[in-house]
Amino acid sequence: MSVSALNLARLPGSFSGLLQVAFLLGLLLLLFKAAQHYLRRQWLLKALQQFPSPPSHWLFGHLREFPVDMELPQLLKRVEKFPSACPRWLWGSELLFTIYDPDYIKVILGRSDPKAALPYSFLTPWIGNGLLLLEEHVWFQHRRMLTPAFHYDILKPYVGLMADSVQVMLDKWEKLPSQDSSLDVCEDISMMTLDTILKSAFSHEGNVQLDSGSSDQAEEGSSAARRRAGEDQEQEALGFPGHPALCQGQGNPGVPSPAPPLHQHYFRDHLDKMPYTTMCIKEALRIYPPVPGVGRELTKPVTFPDGRSLPKGIVVALSIYGLHHNPKVWPNPEVFDPSRFAPGSDRHSHAFLPFSGGSRNCIGKQFAMNELKVAVALTLLRFELLADPTKVPIPIPRLVLKSKNGIHLRLRRLH
Numbered sequence: 001m002s003v004s005a006l007n008l009a010r011l012p013g014s015f016s017g018l019l020q021v022a023f024l025l026g027l028l029l030l031l032f033k034a035a036q037h038y039l040r041r042q043w044l045l046k047a048l049q050q051f052p053s054p055p056s057h058w059l060f061g062h063l064r065e066f067p068v069d070m071e072l073p074q075l076l077k078r079v080e081k082f083p084s085a086c087p088r089w090l091w092g093s094e095l096l097f098t099i100y101d102p103d104y105i106k107v108i109l110g111r112s113d114p115k116a117a118l119p120y121s122f123l124t125p126w127i128g129n130g131l132l133l134l135e136e137h138v139w140f141q142h143r144r145m146l147t148p149a150f151h152y153d154i155l156k157p158y159v160g161l162m163a164d165s166v167q168v169m170l171d172k173w174e175k176l177p178s179q180d181s182s183l184d185v186c187e188d189i190s191m192m193t194l195d196t197i198l199k200s201a202f203s204h205e206g207n208v209q210l211d212s213g214s215s216d217q218a219e220e221g222s223s224a225a226r227r228r229a230g231e232d233q234e235q236e237a238l239g240f241p242g243h244p245a246l247c248q249g250q251g252n253p254g255v256p257s258p259a260p261p262l263h264q265h266y267f268r269d270h271l272d273k274m275p276y277t278t279m280c281i282k283e284a285l286r287i288y289p290p291v292p293g294v295g296r297e298l299t300k301p302v303t304f305p306d307g308r309s310l311p312k313g314i315v316v317a318l319s320i321y322g323l324h325h326n327p328k329v330w331p332n333p334e335v336f337d338p339s340r341f342a343p344g345s346d347r348h349s350h351a352f353l354p355f356s357g358g359s360r361n362c363i364g365k366q367f368a369m370n371e372l373k374v375a376v377a378l379t380l381l382r383f384e385l386l387a388d389p390t391k392v393p394i395p396i397p398r399l400v401l402k403s404k405n406g407i408h409l410r411l412r413r414l415h
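According to the numbering used here, the stretch in the sequence shown is residues 1 to 415, in order.
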C-alpha cells in the first residue's frame, strides 16, 4: 500500500478528532459564559436587594411583562407600587435600573457619568458623533462654542420663519374638503418642523411642505393672499377655554393690551407674555414628554438621598415619562391641569419636560419653546381642534415618544 493511500485513510479519523476538539472547546466556552452570567446575576441581586421588584425569569427577565403596546402602562404600575426606583431585568444578567423620582434623577444628572453605550450606539451612524453623543471635555468645548448661537436675542429673528412655516401648514388644512373629517396631523406637523429647521439652520429658501413645480407657485400665491386677508382677524382671541383673549384689557396679568397684529414683530416682542399658553404647553409636555427617558452608565458608586446606594457598572435609565406620571409628585397625573405650572408654583421644578436638566440640558430648548408658542397661537386663531374619540393615540417609547396609530384631530375653521 502506498503512502498516499495511508494518508487518505487517516483523514476521516483526523477530521473526527478535530470536530471533537472544537465541540469540547465550544462546550467549555459556553459553560464559562454561563458561569460568568450566573455570577454577575448573583452580584446584581445582592447589590440591588434594597430595591424590590417583581419576580423575574432567570433567562427572559421581565421581557414578557412589557409587550410593545403596553410598555408605558406597565411602567406606570411600577411607578405606583415601587417608590423612587425599580430594577427591570432584560435577560439573563442584563438589566436597566429605572428611576422616576425627582431627587434620584437630580443626583444622576449632577454627575458626569457617560451615556449608556448600547442605545446611543445606534444613533452614531444616523447623526454622527456630534454634541448629543460627545462626552467630557470634548463635549464641554463644543457646547461652550455653540451656546451663544442659542441666546434669546439671537433666536428672535427666527420667529418670522417659524410663523411662515406654520401658515403654510394651516393653508393646507384650510383646503381640506371636509373640516369635520378626522386628520392625522403627525406628518403635516413633522414637515412644518422640518421646514422651520431647514430655514433657520441652513438658510433654505424653498418650502418642503409644498408640492414641486407649478403647484408650488400656486400654493405660495394662495398662502400670501390668505395671510393678507387674515391680517384683520389676527387681533381676535387666542382660543383657550378659561383663558382671556389677548386683545382684552389691561386687567389680565401678563397679557399685552392693546394687542397689535400677530405678525412676526408681535411674536418677537410678546413670546414671553403668553403665560397661559406657556402653562398649557408645559403641561402637555409633562403628560407626553418627547424624550421618554435617557440612560447613564455608572462609573462610580452612587448614594441617593434616602440612603440607598448602587455600585458602579450599572446602567441607570432616567424615566422622564415615569417621573412626569409619578402620583407622589403630581396629584392626578393623568389629568390635564395647566395650573401646575402657574407662576410661583414650586411643583414645576420636578418636571424636566423634553429638555432634561443638569449641565447637559437641551441647548435648543428656547428655540423649541418659541416654535411651540408660535404654532399654537397661529393654529388656534384659525381652527378649533377636537379630538377624535374613535382613534385615541397609543403612545409607545422609541428614540422619542410617538403614537403607534398617529394623532387624529377634527379641524373646524373659525372664520
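C-beta atoms are modelled at their ideal positions from N, C-alpha and C, and glycine is treated no differently.
{"Check": "His57, DSSP secondary structure in three states", "Outcome": "strand"}
{"Check": "Cβ-Cβ separation, Pro289 to Leu401 (assumed contact under 8 Å), whole Å", "Outcome": "6 Å"}
{"Check": "Unbroken alpha helix (DSSP H) run spanning Thr277, endpoints", "Outcome": "Pro275 to Ile287"}
{"Check": "Rounded separation between Leu399 and Pro102 - CA only", "Outcome": "22 Å"}
{"Check": "C-beta contact flag for Met162 and Ser200 at 9 Å", "Outcome": "yes"}
{"Check": "Which of helix, strand or coil DSSP assigns to Val107", "Outcome": "helix"}
{"Check": "Arg398 in three-state terms, based on DSSP", "Outcome": "coil"}
{"Check": "Classification of Phe195 by the beta-carbon crowding that lies within 10 angstroms, buried from 16 upward", "Outcome": "Looking at the sequence itself, residue 195 is Asp, so the reference to Phe does not match. That one is buried."}
{"Check": "The stretch 48-67 touching the stretch 88-107, judged by at least three CB pairs closer than 8 Å", "Outcome": "yes"}
{"Check": "Under the three-state DSSP convention, the category Gly293 falls into", "Outcome": "strand"}
{"Check": "Straight-line gap, Glu384 to Leu411 (C-alpha atoms, nearest Å)", "Outcome": "6 Å"}
{"Check": "C-alpha gap between Ala35 and Leu29, whole angstroms", "Outcome": "10 Å"}
{"Check": "Start and end residues, alpha helix (DSSP H) containing Leu423", "Outcome": "In the structure as shown, the chain begins at 1 and stops at 415. Residue 423 is therefore absent and cannot be evaluated."}
{"Check": "Rounded distance between the beta-carbons of Leu183 and Leu409, thought under 8 Å", "Outcome": "6 Å"}
{"Check": "Supposed close pair Pro338, Glu283 - CB separation, criterion 8 Å", "Outcome": "5 Å"}
{"Check": "Cβ neighbours of Val208 in the same chain (closer than 7 Å, five flanking residues each side left out)", "Outcome": "Met191, Leu194, Asp195 and Leu198"}
{"Check": "Range covered by the beta strand (DSSP E) that runs through Asp184", "Outcome": "Ser182 to Asp184"}
{"Check": "Backbone secondary structure at Pro244 - three-state DSSP", "Outcome": "No answer about Pro244 holds up, because its pLDDT of 35 lies below 50 and its placement is not dependable."}
{"Check": "DSSP state of Trp330 mapped onto helix, strand, coil", "Outcome": "coil"}
{"Check": "Reduced DSSP category for Ala218 - H, G, I as helix; E, B as strand; rest coil", "Outcome": "Interpretation of Ala218 is limited by its pLDDT of 45, a score under 50 that renders its predicted location unreliable; the figure taken from the coordinates is listed afterwards. Here Ala218 sits in helix by DSSP."}
{"Check": "Continuous alpha helix (DSSP H) stretch holding Ala377: start and end", "Outcome": "Lys365 to Arg382"}
{"Check": "Residue range of the unbroken alpha helix (DSSP H) whose run includes Pro125", "Outcome": "Thr124 to Ile127"}
{"Check": "Secondary structure of Arg410, DSSP reduced to three states", "Outcome": "strand"}
{"Check": "Assumed close pair Leu271, Val107 - CB separation to whole angstroms, cut-off 8 Å", "Outcome": "Between Val107 and Leu271 the Cβ distance is about 33 Å, and since that is not below 8 Å, they are no contact."}
{"Check": "Presumed contact (8 Å Cβ cut-off) between Gly358 and Pro119, rounded CB distance", "Outcome": "The Cβ separation is near 19 Å, so there is no contact."}
{"Check": "Opposing strand residues paired with Cys362 [DSSP bridges]", "Outcome": "Cys362 is not bridged to any residue."}
{"Check": "Gly26 to Phe15 span [Cα, whole Å]", "Outcome": "16 Å"}
{"Check": "Inter-residue Cα distance where the pair is Asp456 and Arg78", "Outcome": "Residue 456 lies beyond the range of the chain shown here (1 to 415); nothing can be said about it."}
{"Check": "Which of helix, strand or coil DSSP assigns to Ile99", "Outcome": "strand"}
{"Check": "Three-state secondary structure assigned by DSSP to Val68", "Outcome": "helix"}
{"Check": "Buried or exposed by the 16-neighbour rule on C-beta atoms within 10 Å, applied to Gln167", "Outcome": "buried"}
{"Check": "At least 3 beta-carbon pairs within less than 8 Å: the stretch 125-133 vs the stretch 314-328", "Outcome": "no"}
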